[in-house]
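Since the structure comes first, as structure tokens, the remarks are kept for the end.
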Amino acid sequence: MEGNMILLLPMVLPILAGIVVLAGKVFRENRKYLTGLSVAVLVLELVLTFQALVSGGSLTMIRLTDQLTLELHIDQVSRLFAALTAAVWLLVGIYSVSYMSHEEEEHRFFGYYLIVAGVLMGLNFSANLITLYVFYELMTLTSLPLVLHERSREAVRAGLKYLFYSVAGAFLALFGIFFLAGVSENLTFTAGGVLSDSALAGKEGLLLTSAFCMIVGFGTKAGMFPLHGWLPTAHPVAPASASAVLSGLITKAGVLAIIRVVYYVIGPDRLRGTWVQNVWILLTLLTVFMGSMLAYKEPVMKKRLAYSTVSQVSYVLFGLSLLNPTAFAGALSHVVFHSVIKHALFLTAGAIIVTTGWTRVEQMRGLGQVMPKTLACYTVAALALVGIPPLSGFVSKWYLASGALSSGTGVWAWVGPAVLLVSALLTAGYLLPLTIQGFFPGHDFKGEEIEKRGLKGKEPSWWMLAPIGVLAAAALLLGCFPGSLISMLQSIAASVL
Numbered sequence: 001m002e003g004n005m006i007l008l009l010p011m012v013l014p015i016l017a018g019i020v021v022l023a024g025k026v027f028r029e030n031r032k033y034l035t036g037l038s039v040a041v042l043v044l045e046l047v048l049t050f051q052a053l054v055s056g057g058s059l060t061m062i063r064l065t066d067q068l069t070l071e072l073h074i075d076q077v078s079r080l081f082a083a084l085t086a087a088v089w090l091l092v093g094i095y096s097v098s099y100m101s102h103e104e105e106e107h108r109f110f111g112y113y114l115i116v117a118g119v120l121m122g123l124n125f126s127a128n129l130i131t132l133y134v135f136y137e138l139m140t141l142t143s144l145p146l147v148l149h150e151r152s153r154e155a156v157r158a159g160l161k162y163l164f165y166s167v168a169g170a171f172l173a174l175f176g177i178f179f180l181a182g183v184s185e186n187l188t189f190t191a192g193g194v195l196s197d198s199a200l201a202g203k204e205g206l207l208l209t210s211a212f213c214m215i216v217g218f219g220t221k222a223g224m225f226p227l228h229g230w231l232p233t234a235h236p237v238a239p240a241s242a243s244a245v246l247s248g249l250i251t252k253a254g255v256l257a258i259i260r261v262v263y264y265v266i267g268p269d270r271l272r273g274t275w276v277q278n279v280w281i282l283l284t285l286l287t288v289f290m291g292s293m294l295a296y297k298e299p300v301m302k303k304r305l306a307y308s309t310v311s312q313v314s315y316v317l318f319g320l321s322l323l324n325p326t327a328f329a330g331a332l333s334h335v336v337f338h339s340v341i342k343h344a345l346f347l348t349a350g351a352i353i354v355t356t357g358w359t360r361v362e363q364m365r366g367l368g369q370v371m372p373k374t375l376a377c378y379t380v381a382a383l384a385l386v387g388i389p390p391l392s393g394f395v396s397k398w399y400l401a402s403g404a405l406s407s408g409t410g411v412w413a414w415v416g417p418a419v420l421l422v423s424a425l426l427t428a429g430y431l432l433p434l435t436i437q438g439f440f441p442g443h444d445f446k447g448e449e450i451e452k453r454g455l456k457g458k459e460p461s462w463w464m465l466a467p468i469g470v471l472a473a474a475a476l477l478l479g480c481f482p483g484s485l486i487s488m489l490q491s492i493a494a495s496v497l
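For the sequence shown, my numbering begins at 1 and goes up steadily by one.
Written out as structure tokens, the structure is:
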């Protein structure tokens, strides 16, 4: 190995710890050891991640040939995704200490949860397209057990659907990688792209086809139409902790892969104004509208949030598809804000299910009498996702709309903001009724079931409530003080556009 060995630690430590948890009998029999080790490893991973981000540098892990190497490297995009992953993964891990006590086979969940954390770090630190693809595939295989955790018929079906969609998307992306490897000896991520005009002479059409295959392929993990179907199937059957990271972080792996392909290998200038850009924009806006409509009509809480993720992650992809600096900064900011918000919402849904057993929105009338603190956190996160100032969702949507209007993409420059506005209204329509009916159930509400079951004022444990509160506070504070983050994202945009 050549380079900075510190980059290996945030990746290797949780993977080894996860293997120990899965293999060690003591962790099956003693949950104090299990949860203690898991939280300790996640805390240490957070520390090691920030140490690696400060240290920077590169590391060559394996040199397969002169042209095929598995390498790690730290740049601004790595810093953004790795810091977000480490921080949120820890919060969900703390939440899981209490939440998973209601589930069977806890050691299996925590074992794979730790392994996926390490794999995601490898993905975030990838220095070239080959390394990214290896960790991308590993992420699918190691996260599959989180979907399958309950081992019910529904969970198995959802897991198989997740696997089939992910593999299909990965094969589409692999076609593009084969083409790019044939026209360039260097697939190392470089701001603005690495392809030369001489190598592409006469192959421009094939380049566009390959680029489109990679966008759709990697877009599968991000829930982009037409390969979005795994997401609303997998989320409701997985434990809430798994649903949260699937929605808030694993979908962002598809976003990261698209960023690397478009902005760091192919180059945005080669796609600007082409049919690829136009079809990409169309697919993202279709997904934004379709996801919002399906969420609005969905009565099951976790499935409603899953359809919401389909819509909201395509906000990010829409910003990327515009190939515009302002929209690019808005897209990256929405990566952060959506992750924070959606983790808060899914963890809230899990807390409600564990405390009350209610899974459908219509059952949750009067929820404010049962869980006022939890519902208050949910309300903050919901308002942020709608885009109400001064919460964080408003900031990212402002930059997305501004970027669209100045993008010079013809009809998309105004259709895009219009679709985002309609989606925001639909988001309010499917998220805020829970708050209104929860705190203000009406004079005719008697709350007989609440009284009968002794649920009044029955909040979840602090292991669950504290991470939800931290995420809700972050959704507010990141909106009130976005300056430093936006400045960093604008510097990234300036380097690639």
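The beta-carbon is built from N, C-alpha and C at its ideal position, and this holds for glycine as well.
Closest by C-alpha distance to Ile492, out of Leu9, Phe50, Tyr263, is Tyr263. Three or more Cβ pairs drawn from the segment 46-54 and the segment 80-92 lie within less than 8 Å of each other, which places the two stretches in contact.
The C-alpha of Ile258 is placed about 29 Å away from the C-alpha of Ile388. Leu68 sits exposed, since fewer than 16 C-beta atoms from the chains shown fall within 10 Å of its C-beta. Linking Ala329 to Ile486 through their CA atoms gives a straight-line distance of about 7 Å. Excluding the 5 residues flanking it on each side, Gly368 has same chain C-beta neighbours closer than 6 Å at Leu375, Gly438, Phe439, in chain order.
Runs of the alpha helix (DSSP H) lying entirely within the segment 411-486, each at least 4 residues long, are 412-439, 448-452, 462-480 in chain order.
Excluding residues up to 5 positions away in sequence, Cys377, Ala381, Ile468, Leu471, Ala472, Ala475 lie with their Cβ nearer than 7 Å to the Cβ of Ala344 in the same chain.
For Val300, the pairing in a beta bridge is given by DSSP as Arg360. The shortest C-alpha to C-alpha distance from Gly229 to any of Leu285, Thr435, Met290 is the one to Met290. With a beta-carbon spacing of about 6 Å, Leu347 and Ala240 fall inside the 8 Å limit used to define contacts.
Rounded to the nearest whole angstrom, the CA to CA distance from Lys161 to Leu256 is 22 Å. Where Ser143 is concerned, the enclosing alpha helix (DSSP H) starts and stops at 129-147. Sixteen is the threshold: when 16 or more other Cβ atoms of the shown chains lie within 10 Å of the Cβ of Leu426, as they do, the residue is buried. In the pairwise beta carbon analysis, the segment 190-204 is classified as not touching the segment 167-175: fewer than three pairs are separated by under 8 Å. Of all C-beta pairs linking the segment 141-154 to the segment 57-66, fewer than three are shorter than 8 Å, placing the two stretches out of contact.
Rounded to whole angstroms, Asn186 and Ala242 show a C-alpha spacing of 36 Å. Under a 10 Å Cβ-count criterion, Val54 is classified as exposed, with fewer than 16 other Cβ atoms of the shown protein chains found around its own Cβ. Leu64 carries a coil assignment under DSSP once its states are collapsed to helix, strand and coil.
In the structure shown, the three-state DSSP call for Glu29 is helix.
DSSP places Ser333 within a helical segment (H, G or I) once states are collapsed to three. Ranked by Cα distance from Gly403, the first of Leu391, Gly416, Gly393, Phe394 is Gly416. Taking 9 Å as the cut-off, the beta carbon of Ile266 is found no closer than this to the beta carbon of Ser321. Rounded to whole angstroms, the separation of the alpha carbons of Glu298 and Trp358 is 15 Å. For the pair Val261 and Ala23, the Cα-to-Cα distance works out to about 37 Å. Ser98 sits in a helix when the DSSP states are folded into three classes. Inclusion of Phe81 and Lys342 in the CB contact set at 9 Å is not warranted, their separation being larger than that value.
Residue environment for Ser101: exposed (fewer than 16 other C-beta atoms within 10 angstroms of its C-beta).
If the five residues before and after Ser166 are omitted, its C-beta is found closer than 6 Å to the C-beta atoms of Thr140, all from its own chain and listed in chain order. Annotated three-state conformation of Leu200 is helix, per DSSP. Within the segment 147-235, the complete alpha helix (DSSP H) segments of 4 residues or longer fall at 153-183, 197-200, 204-219, listed in chain order.
Ranked by how close their Cα comes to the Cα of Trp462, the residues Glu71, Val92, Val41 have Val92 in first place. Within the segment 339-390, there are no complete beta strand (DSSP E) runs of at least 3 residues. The shortest CA-to-CA distance from Arg153 to any of Ala306, Val237, Leu323, Ser292 is the one to Val237. Under the three-state reduction of DSSP, Thr326 is assigned to helix.
One alpha carbon belongs to Pro10, the other to Ala52, and they sit about 8 Å apart.
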